[in-house]
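Here is the structure we will look at.
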């Protein structure tokens, strides 16, 4: 994985991922609006889109495992101050390292964003999916919220209590969301206890969002262009430090040009999905094996 700083208002990282054709956590689809989430061979989520695209029925199997290790309290207290650009930057680098090491995360070949985001209030309130294991994401009502991959723990659970203390100390680490275009929302892939703690304390949790870039070809072209500017800027700045007036003018011009390049920052794209091996029949068999009652209900829709 190669990392670049995102020169945008909210900062963050760009991640160039290579050598990873198939992610450990991946969406698979079959005809008729059928989908599932696999990690890496375990079935962790089933989905069935409403016949008129009014929304999507989902069922989480309970087999999901976070790609990040447990966050230690002493680690959290070392990363300060809460909410600053440097704080988000340190956590983004830490999360990127863990995602790179894991074989259970969503990263695959391409350009990714990992950056802080201030979500609209409804995302973690009215559009936070509390129902578990089955739920319905109502697109007709404009759902654009957060779907936890595990049931959110109670406010008095032991780990939640520990995180509530961190929230009061203002050292609570961010939660990690994966932006999934097929749901028109986010999957909570790490931080279930941290989210429960933040809600119990009545605060908005800090958020890092992982999302794929819009177009690999455009993204790589942008990265090559940006990297060339950074390299040239470094050389010119070295000359400017030595007091050369022409180098100072050149550095100023390059800085302005680099700002223009960064204005063309790639946008988030569609989440990639792979075909369900065996198609509709295989999806039906897998769904019947773990959620027969749920399957019967969505078939009656």
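Numbering (full-length UniProt numbering), first residue to last: 1 to 301. The C-beta atom is built at its ideal place from N, Cα and C for all residues, glycine as well. All values reported here derive from a predicted model rather than from experimental measurement.
query = Where do the ends of the beta strand (DSSP E) carrying residue 78 lie?
reply = From DSSP, residue 78 is part of no beta strand (DSSP E) but of the alpha helix (DSSP H) over 73-78.
Endpoints, beta strand (DSSP E) assigned at residue 47 = Per DSSP, residue 47 is one residue of the beta strand (DSSP E) stretching across 42-49.
inquiry  = Once the 5 residues before and after residue 103 are set aside, which same chain residues still bring their CB inside 7 Å of it?
reply    = Its chain contains 24 and 40 as the residues whose beta carbon lies nearer than 7 Å to that of residue 103, once the 5 sequence neighbours on both sides are disregarded; these appear in chain order.
inquiry  = What does the alpha-carbon distance come out to for the pair residue 161 and residue 197?
reply    = Pairing residue 161 with residue 197, the inter-Cα distance amounts to about 7 Å.
Helix, strand or coil at residue 136 [DSSP, three-state] = Under the three-state reduction of DSSP, residue 136 is assigned to strand.
Closest by C-alpha distance to residue 61, when choosing among 37, 82 and 77 = Residue 61 has its Cα closest to that of 37, out of 37, 82 and 77.
request  = Tell me whether residue 34 is buried or exposed, calling it buried when 16 or more other Cβ atoms sit within 10 Å of its Cβ.
outcome  = It counts as buried.
query = Taking buried to mean at least 16 other C-beta atoms within 10 Å of its own C-beta, is residue 164 buried or exposed?
reply = Per the 10 Å Cβ criterion, buried.
query = What distance in whole Å lies between the Cβ atoms of residue 95 and residue 68, which are believed to be in contact at a cut-off of 8 Å?
reply = 7 Å between Cβ atoms; contact.
task = List the endpoints of the continuous alpha helix (DSSP H) containing residue 88.
result = Segment 85-101, the alpha helix (DSSP H) holding residue 88.
key: Straight-line Cα distance separating residue 112 from residue 20   = One C-alpha to the other measures close to 13 Å.
message = Checking 8 Å against the spacing of the C-beta atoms, do residue 11 and residue 106 come in under that value?
response = Not a contact, by the Cβ cut-off of 8 Å.
inquiry  = Given this structure, state the Cα-to-Cα distance separating residue 292 from residue 56, to the nearest angstrom.
reply    = A direct Cα-Cα distance of roughly 17 Å separates residue 292 from residue 56.
ask   = Counting pairs of beta carbons, one from the region 287-301 and one from the region 123-130, are three or more of them closer than 8 Å?
value = No: fewer than three Cβ pairs fall under 8 Å.
request  = Taking only the alpha-carbon atoms, compute the straight-line gap between residue 144 and residue 185 and give it to the nearest angstrom.
outcome  = Taking C-alpha positions only, residue 144 is separated from residue 185 by approximately 5 Å.
key: Outcome for residue 299 when other beta-carbon atoms lying within 10 angstroms are tallied against a minimum of 16   = Classification of residue 299: exposed, given that the 10 Å Cβ count is below 16.
request  = Could you please give the first and the last residue of the uninterrupted alpha helix (DSSP H) stretch that includes residue 196?
outcome  = Element bounds for residue 196: 192-201.
key: residue 292 (DSSP reduced to helix, strand or coil)   = Three-state DSSP puts residue 292 in a helix.
Residue 152 and residue 192 closer than 8 Å at C-beta = Yes, the pair counts as a contact, with Cβ atoms nearer than the cut-off.
task = Give a yes or no on whether the C-beta atoms belonging to residue 166 and residue 73 are separated by under 8 Å.
result = For residue 166 and residue 73, yes; Cβs fall inside 8 Å.
query = How would you label residue 190, buried or exposed, when you count the other beta carbons within 10 angstroms and need 16 or more for buried?
reply = With 16 or more other Cβ atoms within 10 Å, it is buried.
ask   = residue 303 and residue 58 look like a contact to me (Cβ under 8 Å); what is the Cβ gap, rounded to whole Å?
value = Residue numbering for the chain in the displayed model covers 1 to 301; residue 303 lies beyond these limits and cannot be assessed.
query = In three-state terms, what does DSSP make of residue 276?
reply = Under the three-state reduction of DSSP output, residue 276 falls in the coil class, being neither helix nor strand.
key: Buried or exposed by the 16-neighbour rule on C-beta atoms within 10 Å, applied to residue 194   = Classification of residue 194: buried, given that the 10 Å Cβ count is 16 or more.
Own chain partners of residue 279 with C-beta closer than 8 Å, once the 5 adjacent residues on each side are dropped = Taken in chain order, the residues that qualify are 30 and 31.
task = State the CB to CB distance for the pair residue 271 and residue 212, rounded to an integer number of angstroms; the pair is presumed to be in contact (CB under 8 Å).
result = The pair is a contact, with the Cβ atoms about 6 Å apart (cut-off 8 Å).
request  = Could you spell out where the alpha helix (DSSP H) holding residue 166 opens and where it closes?
outcome  = Note, residue 166: alpha helix (DSSP H), 158-169.
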